[in-house]
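With this note's numbering as the guide, the letters of the sequence shown map in order to residues 105 to 264. Backbone N, C-alpha and C define an ideal beta-carbon position, used for all residues, glycine too. Report on the following structure.
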Amino acid sequence: MQIDQNSVVSLNYKLSNDAGDVIDECTDGSFTYLQGANNIIPGLESALTGKSKGEKLDVTIPPKDAYGERDDNSTQVVPRTMFPEDVTIDVGMQFAAQGPDGQAMVVVTKVSDDNVTVDGNHPLAGVQLNFSVEIIEVREATAEEKEHGHVHGPDGHDHG
Ligand code: ZN
105 MQIDQNSVVS LNYKLSNDAG DVIDECTDGS FTYLQGANNI IPGLESALTG
155 KSKGEKLDVT IPPKDAYGER DDNSTQVVPR TMFPEDVTID VGMQFAAQGP
205 DGQAMVVVTK VSDDNVTVDG NHPLAGVQLN FSVEIIEVRE ATAEEKEHGH
255 VHGPDGHDHG
């Protein structure tokens, strides 16, 4: 069957940036998602539409169809006093912050004596993504999976 709305798809993939660095990969077919439920980035979902089990494809996805462009307004300088005194703040630390759209993850990009700079951009914002994909399995989603908007089963979501 071809990948369409409500297909459950298992993939192997290799994701690299334009410099050729491998950002992420799956080689055992354990990556599974529900097509049409915003489980994966829109650019990859549309590239996979109509494809079938066994097909391989290489697809380059611009930031706007992946994790978006970088937004300089997402960078904020926060007084050091906003953080607990007994916690050492280092570049690269991530924590949840309250933003205009609810909680979001931010990463510390700069620390000075008085201020801490945090960046709310997704780590892959502004990055063009190169996927090399092999389709391992395609099946129709169950009624429950469609209702929940995610995959159930050994490789999917476990409700415990
Ligand atoms: Zn569920």
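| said: Contact defined as beta carbons within less than 8 Å: I believe S156 pairs with I239. What is the distance between those atoms, to the nearest angstrom? | reply: Counting from 1 along the sequence shown, the entry for residue 156 is found at position 52. Counting from 1 along the sequence shown, the entry for residue 239 is found at position 135. Taking C-beta atoms under 8 Å as the contact rule, S156 and I239 qualify, at a distance of about 7 Å.
| Does the Cβ of S150 have 16 or more other Cβ atoms within 10 Å, making it buried, or fewer, making it exposed? | On the sequence shown, residue 150 is found 46 positions in, with the first residue counted as 1. It counts as exposed.
| message | Tell me the residue span of the beta strand (DSSP E) that contains E129. | response | Position 25 of the sequence shown, counting from 1, holds the residue named residue 129. For E129, the uninterrupted beta strand (DSSP E) segment begins and ends at V126 to L138.
| request: Tell me where the alpha helix (DSSP H) around P271 begins and ends. | output: In the structure as shown, the chain begins at 105 and stops at 264. Residue 271 is therefore absent and cannot be evaluated.
| query | Residue range of the alpha helix (DSSP H) that A247 falls in? | reply | The count along the sequence shown starts at 1 and reaches residue 247 at position 143. Here the alpha helix (DSSP H) through A247 covers A247 to H252.
| request: Please confirm if the segment 106 to 118 is in contact with the segment 129 to 137, defined as three or more CB-CB distances below 8 Å between the two stretches. | output: Contact holds: three or more Cβ-Cβ distances are below 8 Å.
| query | Excluding sequence positions up to five away, which residues of its chain have a Cβ less than 6 Å from the Cβ of V163? | reply | Mapped onto the sequence shown, residue 163 falls at position 59. The answer, listed in chain order, is A151 and F235.
| Which residues have their C-beta within less than 6 Å of a heavy atom of ligand 1, listed in chain order? | Checking every Cβ against the heavy atoms of ligand 1 under 6 Å gives H252, H254, H256, H261 and H263.
| query | Can you tell which of E244, G224 and T185 has the C-alpha that lies nearest to the C-alpha of G206? | reply | Within the sequence shown, numbered from 1, the residue matching residue 206 stands at position 102. For the residues E244, G224 and T185, the minimum Cα distance to G206 belongs to G224.
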